[in-house]
Every structure is written in C-alpha cells, then in structure tokens.
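The next block holds one structure in the form of structure tokens; read it before the comments.
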Amino acid sequence: MPKQKLRVLIVDDSASVRQILTTILSEDPDIEVMATASDPFAAARRLQNELPDVIILDIEMPRMDGITFLRKIMAQRPIPVIICSSLTEEGSDQMFEAFEAGAVDIVPKPRIDTRQALLECSSRLREAVKSAARARVRPRQQRRIVEKKLTADAIMPPPIQGRSRPTTERIVCIGVSTGGTEALLDVLEALPPTCPGILIVQHMPQGFTAAFARRLNAACQITVKEAEDGEPVQPGCAYIAPGARHMLLQRTGLRYSIAIKDGPPVSRHRPSADVLFRSAAQYAGRNALGIIMTGMGDDGARGLLEMRKLGAATRAQDEESCVVFG
Numbered sequence: 000m001p002k003q004k005l006r007v008l009i010v011d012d013s014a015s016v017r018q019i020l021t022t023i024l025s026e027d028p029d030i031e032v033m034a035t036a037s038d039p040f041a042a043a044r045r046l047q048n049e050l051p052d053v054i055i056l057d058i059e060m061p062r063m064d065g066i067t068f069l070r071k072i073m074a075q076r077p078i079p080v081i082i083c084s085s086l087t088e089e090g091s092d093q094m095f096e097a098f099e100a101g102a103v104d105i106v107p108k109p110r111i112d113t114r115q116a117l118l119e120c121s122s123r124l125r126e127a128v129k130s131a132a133r134a135r136v137r138p139r140q141q142r143r144i145v146e147k148k149l150t151a152d153a154i155m156p157p158p159i160q161g162r163s164r165p166t167t168e169r170i171v172c173i174g175v176s177t178g179g180t181e182a183l184l185d186v187l188e189a190l191p192p193t194c195p196g197i198l199i200v201q202h203m204p205q206g207f208t209a210a211f212a213r214r215l216n217a218a219c220q221i222t223v224k225e226a227e228d229g230e231p232v233q234p235g236c237a238y239i240a241p242g243a244r245h246m247l248l249q250r251t252g253l254r255y256s257i258a259i260k261d262g263p264p265v266s267r268h269r270p271s272a273d274v275l276f277r278s279a280a281q282y283a284g285r286n287a288l289g290i291i292m293t294g295m296g297d298d299g300a301r302g303l304l305e306m307r308k309l310g311a312a313t314r315a316q317d318e319e320s321c322v323v324f325g
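Here numbering that gives the first Met the number 0 is used: the first residue of the sequence shown is 0, the next is one more, and so on.
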C-alpha cells in the first residue's frame with residue numbers, strides 16, 4: 000500500500016508566494032499541496048469539503064486577517080497551522096498573538112527578496128510541515144514520521160555516573176516546544192521572586208527570543224531575560240535560551256552559570272531541551288528539577304531520563320492540558 004502523503008492547504012493573498020510555497024513543498028515526496036486559497040473565505044469553503052493535515056497561513060490578507068481565521072479554525076475544527084508571514088519578523092506582537100491563537104509554528108517571510116528567502120529556507124519549511132503534522136491538535140491522530148536526528152552527544156558527552164555532587168543551590172530546567180508560550184507564561188506568572196534560578200529552552204525562531212523574554216518579564220514577579228554566555232544563574236531569575244543556539248548549565252565550585260554554544264540541531268532543534276537537560280543532569284544532579292511542557296516532537300525526552308537517572312525530580316505536562324501534544 001503506498002505511503003499516504005501529508006496534505007497541505009496554503010492560504011496567502013500573494014499568487015507568487017502561493018506558487019513558491021507549492022514548489023518548495025512539492026519537492027518532498029511525502030508532502031502534497033492539496034489546494035491553495037487567496038484569503039480565509041476561500042480557504043473556509045475548501046475546508047467544508049476536505050480537511051488538510053496542515054495549513055500554512057499568512058497574516059495580512061484582505062477581508063479577514065490570518066489570526067482571526069486561525070482563532071476560528073481552532074474553535075471549530077482544530078488543524079495544525081503554520082504561520083508564514085512578514086508580520087512575524089523580529090518578535091512582533093503578531094507573532095505572539097499567533098502563538099496565543101494556536102499556531103504550532105511560525106516561519107518568518109521577509110518583505111524583501113521574498114522568493115529567494117523562502118527558497119533558502121525550503122528545508123525548514125518542509126520540516127515544519129512534517130513536525131506540525133505530528134501535533135495532535137484535533138481528534139484524528141496523525142501518523143508519526145520517524146526521521147534521522149542527532150542526539151545530545153553531538154554537543155556534549157554523556158553524563159558520568161557519580162560525577163554529580165550536591166551543591167547549595169537548586170536549578171529548574173524547562174523545555175517548551177512550539178505552542179507552549181502561554182503555558183510557560185502561566186507557570187512563570189505564579190512564581191515568587193524567591194524561586195530557584197530557571198533555565199528555559201523554548202523552540203522559537205531566531206530573533207524572537209529576546210522579545211519573548213521581555214514580554215514575559217513585564218508580566219512576571221521574577222526577572223525573565225534572554226540568556227547570555229557565562230552569566231551566573233541567580234535565584235528569582237528565568238533565562239530564555241537564544242534562538243538558534245544551544246544553552247547548557249555549567250558549574251564552577253558551588254556556582255552555576257550558563258554556557259551558550261553553537262552546534263548542529265539536536266533532536267531536530269536548536270536550542271535543544273535534550274542538551275540543556277543533559278548538562279543539568281551532569282552538573283546539578285539531584286539538585287535539579289526537569290520539566291517538559293506542551294509542544295511537538297520528542298526533544299527533551301532523553302535528557303529528562305538522564306536527569307532522572309542521576310537523581311533529579313522530573314515532571315511532564317499531561318496531554319489533556321496541552322494546547323499542542325505530539
């Protein structure tokens with residue numbers, strides 16, 4: 000029996016963008032562009048007859064904007080939606096509104112040289128579609144696609160049993176994938192300034208994490224900031240990993256600090272929760288708490304197990320309370 004392709008609906012008011020996206024996605028034998036639509040009304044008519052596995056949606060369109068349409072989709076018939084729009088560049092408010100409305104991923108679409116920019120990120124677009132298709136945001140469960148991926152070994156060696164020793168400080172490490180921005184805000188808002196230092200890997204495009212940290216900081220009692228290489232981990236402060244770079248916990252004596260490293264994607268992500276969790280297992284051991292929150296994919300699962308084996312407490316958000324799960 001032939002392998003069923005992932006069906007994609009593209010919604011964008013630009014005919015040239017629809018053509019470029021169709022060309023990019025059609026190059027993957029596992030993806031089929033089932034239809035394109037120039038605005039949400041045309042897309043809604045199409046959805047009355049057949050449902051795609053993934054929708055790629057622009058924001059700025061005539062008659063109805065993409066975020067309004069996204070909210071209608073999530074309220075009526077939840078389908079994984081990827082936002083591809085120029086309005087999400089450099090941490091704009093529209094990006095956060097899209098996540099709040101239920102987008103599972105965002106691919107920025109530059110206003111200048113749009114065609115060339117999209118072609119250059121073609122593999123990112125195809126990967127985004129495959130990841131989105133695995134997200135269970137609707138009753139029909141998606142078939143899981145098994146793909147080759149690197150492990151945390153690509154960034155640092157496995158933890159050595161017995162190497163971890165108690166310290167005077169506790170550390171909380173959180174891994175949050177796309178779709179978990181609001182869940183993370185709910186957690187951080189409830190924390191007092193006396194809480195332990197928190198290291199957070201949030202899957203988010205490069206250029207957005209600083210704005211995301213500022214947004215969280217304005218809403219929380221604790222301090223929230225984008226992490227910097229070498230800075231100490233302070234109580235009452237949460238550190239967001241910079242986009243497209245790995246964040247690790249390190250220790251000198253009894254003091255924890257942060258290391259920011261380049262390197263290949265791990266578990267299909269950079270930054271990777273697996274990398275953060277492994278470093279916490281090695282340097283904090285039983286003094287760490289590891290948490291996986293709502294999102295897509297399995298990034299963080301291996302690292303969380305390593306933390307548990309070295310005595311750390313571990314927690315995972317349940318499927319029922321996840322906005323996106325898969």
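Ideal Cβ positions, reconstructed from N, Cα and C, are used throughout, including at glycine. Quick caveat: nothing in here was measured; it's all calculated off a predicted structure.
Check                                                                                                                                                      : Outcome
Do you know how far the Cα of P61 is from the Cα of Q316?                                                                                                  : 38 Å
So who's on the other strand from A62, going by DSSP bridges?                                                                                              : It should be pointed out that residue 62 corresponds to Arg in this sequence rather than to Ala. Answer by DSSP bridge pairing: none, since R62 is not bridged.
What does P107 pair with, by DSSP beta-bridge criteria?                                                                                                    : S84
Decide if A14 is buried, meaning its Cβ has at least 16 other Cβ atoms within 10 Å, or exposed.                                                            : exposed
Could you tell me the alpha carbon to alpha carbon distance between D64 and R114, rounded to whole angstroms?                                              : 22 Å
Note down the Cα distance separating R307 from I30, rounded to an integer number of angstroms.                                                             : 38 Å
Apply the 10 Å Cβ neighbour rule to P231 and answer buried if 16 or more other Cβ atoms are within range, or exposed otherwise.                            : exposed
Answer yes or no: do I239 and Q201 have a C-beta to C-beta separation smaller than 8 Å?                                                                    : yes
What's the C-alpha gap between P204 and I54?                                                                                                               : 19 Å
Just to confirm, are E227 and I257 a CB contact at a threshold of 8 Å?                                                                                     : yes
Report all residues from its chain with a CB closer than 7 Å to the CB of A212; omit the five preceding and five following residues, and keep chain order. : V223, K224, E225, I239
Ordered along the chain, which non-local residues of its own chain (more than five positions away) have a Cβ less than 6 Å from that of V10?               : A36, A42, L56
Using CA coordinates, which residue listed in A312, R254, R214 is at the minimum distance from N286?                                                       : A312
Closest to T208 by C-alpha separation, out of S122, G235, T177, P195, would be which residue?                                                              : T177
Look at A218 and E181 and say whether their C-beta atoms are less than 8 Å apart.                                                                          : no
Which residue comes first and which comes last in the beta strand (DSSP E) that contains M33?                                                              : 30-36
State the Cα-Cα distance for the pair N216 and L117, rounded to the nearest angstrom.                                                                      : 32 Å
Any idea what DSSP makes of V128, helix, strand or coil?                                                                                                   : helix
Using C-beta distances below 6 Å, list every residue in its chain close to V326, excluding the 5 sequence neighbours before and after it, in chain order.  : As displayed, the chain neither begins before 0 nor continues past 325, which places residue 326 out of reach and without an answer.
With DSSP as the reference, label R285 as helix, strand or coil.                                                                                           : helix
With respect to the beta strand (DSSP E) encompassing K224, which residues constitute its N-terminal and C-terminal limits?                                : 222-225
Do A283 and L248 have their beta-carbon atoms positioned less than 8 Å apart in this structure?                                                            : yes
Would you tell me roughly how many angstroms separate the C-alpha atoms of G174 and I66, rounded to the nearest one?                                       : 26 Å
Around the C-beta of L46, are 16 or more other C-beta atoms found within 10 angstroms, so that it is buried, or is it exposed?                             : buried
Would C194 and G289 be called neighbours here (beta carbons separated by less than 8 Å)?                                                                   : no
Roughly how many angstroms separate the alpha carbons of M33 and L24, rounded to a whole number?                                                           : 11 Å
Where does S13 fall in DSSP's three states?                                                                                                                : coil
Taking the beta strand (DSSP E) that V186 belongs to, which residues open and close that run?                                                              : From DSSP, V186 is part of no beta strand (DSSP E) but of the alpha helix (DSSP H) over 180-188.
Please report the residue range of the beta strand (DSSP E) in which R314 lies.                                                                            : 312-315
Run through DSSP, which three-state label would R123 get?                                                                                                  : helix
Which residues in the same chain have their Cβ closer than 7 Å to the Cβ of Q220, if we skip the five residues on either side of it in sequence?           : L190, P191, P192
Taking V106 as the reference, which of L50, A127, P39 has the closest Cα?                                                                                  : A127
Count the other CB atoms within 10 Å of the CB of R314; is the residue buried (16 or more) or exposed (fewer)?                                             : exposed
Does DSSP put A258 in a helix, a strand or coil?                                                                                                           : strand
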